[in-house]
Structure formats: structure tokens, C-alpha cells
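Visitor:
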Ligand code: PRP
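Pasting the structure below:
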């Protein structure tokens, strides 16, 4: 059977999101960055982050896909499910991710964005599974460096389950017991 082990409580996450917001505000004083969320996992983190930011921001989203349903490992292929709705040309873009694992999704997104000529691109992720990197990617703002466990909660899912949990948990045990 699979079980959940708490990794970060809602209070710990709140403190880290506040710190990230203060760093971003300092770096973008007098600017209006475009926060670009990578759906779906970013939705909880991004909602909390924007409400802590005391600078004007624009928002947009992309939906990239790198994991298949019911899988706990990346397939190593990335595709765009839903692209940008606004122009990023000459804008200061901050990519908002819930987690960076192999780096393949972010690597793909950076290339996709660079072709659209933004003025700058930075990356903000709540969780960094740095030991699992397959491709090196630049990260400017990191909430927590995390171990190589399958993580759920605070936007992260296992086959669309657990996104609603207010903390971040390691999903342990027999994951196959969760597959339908
Ligand atoms: C997660 C996460 C990142 C990506 C990171 O998305 O939101 O976009 O995986 O993994 P990588 O560094 O190995 O590429 P996922 O594909 O699980 O989709 P979701 O956000 O819709 O849950």
C-alpha cells in the first residue's frame, strides 16, 4: 500500500513562499514582470506567490506535458499542450514551476521562450530535485531542494490525485496499488 509522509507543512511552505516573494520584489523593483506558470502543478504555488508580491505583475500560463497518466517517472519527452496567450517580446519573464526534476521540461520551455525574444528570463521553482537532473538548467529562485522521492500535494499529483493537499508529501510504498 502507498502512504504519505509529510515533507513540508503548510507553515513551512508559507514562510518559503514569502521569502521568494521578497527576493523577486527586490530584483524587479520598478518593473512589471510577466509570471509564466507551467501548468498544472504550478497553480497553488503561483496563486500564493502572486498574493504575496508587492509589485505589479502580468500573468500567463503554458501547459507542457512530460509525464504519462499513472506514471511516477518522466518519459523524457516534452510537448506543448497549451501555448502562450500573450506576447513575451521585450518583457521580463519569470517562469513559475512547482518542481524541477530532470530539467527536460524547463529546458524545452526556455528554448520555446527564447525564440520569442523576451527582454529577460528567470526561473522560480518551489521544489528542486537537483539530484535527478538530466540536463543542466538555470534556476534563479528555489524554495526547497528535495530528495529523489515521488512528491505530491500543494499542486503536485500522482495521476491527478493529491494536488489539493496543503503540504508537500513523499508518496511511499507500492505506487502501483494506486493505479486504476
Ligand atoms: C511536472 C512539473 C514540471 C515537470 C518537471 O509537471 O510541473 O513541469 O514535471 O519535470 P522534469 O524536470 O523532469 O521535466 P508534470 O509533467 O507532472 O505535469 P503537471 O504539472 O500537469 O502535473
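Numbering (the numbering used here), first residue to last: 1305 to 1484. C-beta atoms are modelled at their ideal positions from N, C-alpha and C, and glycine is treated no differently.
Between which two residues does the beta strand (DSSP E) harbouring residue 1312 extend?
Guide: Residue mapping note: residue 1312 aligns to position 8 of the chain shown, counting from 1. Residue 1312 -> beta strand (DSSP E) spans 1306-1312.
Visitor: Consider the C-beta atom of residue 1408 and the heavy atoms of ligand 1; say whether any pair is separated by less than 6 Å.
Guide: Along the chain shown, read from residue 1 onward, the residue named residue 1408 stands at position 104. Because some heavy atom of ligand 1 lies under 6 Å away, the Cβ of residue 1408 counts as near it: yes.
Visitor: Looking only at C-alpha atoms, which of 1396, 1403, 1337 sits nearest to residue 1423?
Guide: Along the chain shown, read from residue 1 onward, the residue named residue 1423 stands at position 119. Comparing Cα positions, the closest option is 1396.
Visitor: Along the chain, where does the alpha helix (DSSP H) that runs through residue 1349 open and close?
Guide: For the purposes of this step, residue 1349 is taken as residue 45 along the chain shown, with counting starting at 1. 1347-1356 is the span of the alpha helix (DSSP H), which, as asked, contains residue 1349.
Visitor: How long is the line joining the alpha carbons of residue 1360 and residue 1480, rounded to whole angstroms?
Guide: By 1-based counting over the chain shown, the position of residue 1360 is 56. By 1-based counting over the chain shown, the position of residue 1480 is 176. Taking the straight line joining both Cα atoms gives about 44 Å.
Visitor: When you compare only the Cα positions, how much space is there between residue 1437 and residue 1414?
Guide: Here residue 1437 refers to the residue found at position 133 when the chain shown is read from its first residue. Here residue 1414 refers to the residue found at position 110 when the chain shown is read from its first residue. Going from the Cα of residue 1437 to the Cα of residue 1414 covers about 16 Å.
Visitor: Should residue 1448 and residue 1431 be called a contact, given that it needs their Cβ atoms to be closer than 7 Å?
Guide: Along the chain shown, read from residue 1 onward, the residue named residue 1448 stands at position 144. Along the chain shown, read from residue 1 onward, the residue named residue 1431 stands at position 127. Their beta carbons are under 7 Å apart, which means residue 1448 touches residue 1431 by this criterion.
Visitor: Going by beta-carbon coordinates alone, are residue 1473 and residue 1456 separated by less than 7 Å?
Guide: As a working mapping, residue 1473 is identified with position 169 in the chain shown. As a working mapping, residue 1456 is identified with position 152 in the chain shown. Closer than 7 Å, so yes.
Visitor: DSSP on residue 1375, reduced to helix/strand/coil?
Guide: Within the chain shown, the letter at position 71 stands for residue 1375. For residue 1375, the predicted structure reports a pLDDT of 46, less than 50, and the residue's modelled location is therefore unreliable. A value from the coordinates is still provided. Reduced to three states, the DSSP call for residue 1375 is coil.
Visitor: Give a yes or no on whether the C-beta atoms belonging to residue 1339 and residue 1398 are separated by under 7 Å.
Guide: Locating residue 1339 in the chain shown gives position 35, where the first residue counts as 1. Locating residue 1398 in the chain shown gives position 94, where the first residue counts as 1. Against a cut-off of 7 Å, the Cβ pair of residue 1398 and residue 1339 comes out as a contact.
Visitor: Can you check DSSP and say which residues form a bridge with residue 1428?
Guide: Residue numbering aside, residue 1428 sits at position 124 when the chain shown is read from its first letter. Partner(s): 1400, 1445.
Visitor: Helix, strand or coil, according to DSSP, for residue 1482 in the structure here?
Guide: Within the chain shown, numbered from 1, the residue matching residue 1482 stands at position 178. Residue 1482 falls in the helix class under three-state DSSP.
Visitor: Excluding five sequence neighbours on each side, which residues of the same chain lie with their C-beta closer than 7 Å to the C-beta of residue 1346?
Guide: As a working note, residue 1346 is residue 42 in the chain shown. 1400, 1401, 1402, 1459.
Visitor: Tell me, please, whether the CB atom of residue 1347 is closer than 7 Å to any CB atom in chain B?
Guide: Considering every chain present, this structure includes no chain B. It has just one protein chain.
Visitor: Grab the span of the beta strand (DSSP E) containing residue 1476 for me, first residue to last.
Guide: By one-based count along the chain shown, residue 1476 stands at place 172. Element bounds for residue 1476: 1472-1477.
Visitor: Within 10 angstroms of the Cβ of residue 1428, are there 16 or more other Cβ atoms? Answer buried if so, exposed if not.
Guide: Working through the chain shown from its first residue, we reach residue 1428 at position 124. Buried, since its Cβ has 16 or more Cβ neighbours within 10 Å.
Visitor: Distance, Cα to Cα, residue 1419 vs residue 1426?
Guide: Residue mapping note: residue 1419 aligns to position 115 of the chain shown, counting from 1. Residue mapping note: residue 1426 aligns to position 122 of the chain shown, counting from 1. If you take the alpha carbons of residue 1419 and residue 1426, they lie about 15 Å apart.
Visitor: From the DSSP secondary-structure annotation, give me the bridge partner or partners of residue 1462.
Guide: Position 158 of the chain shown, counting from 1, holds the residue named residue 1462. DSSP lists 1465 as partners of residue 1462.
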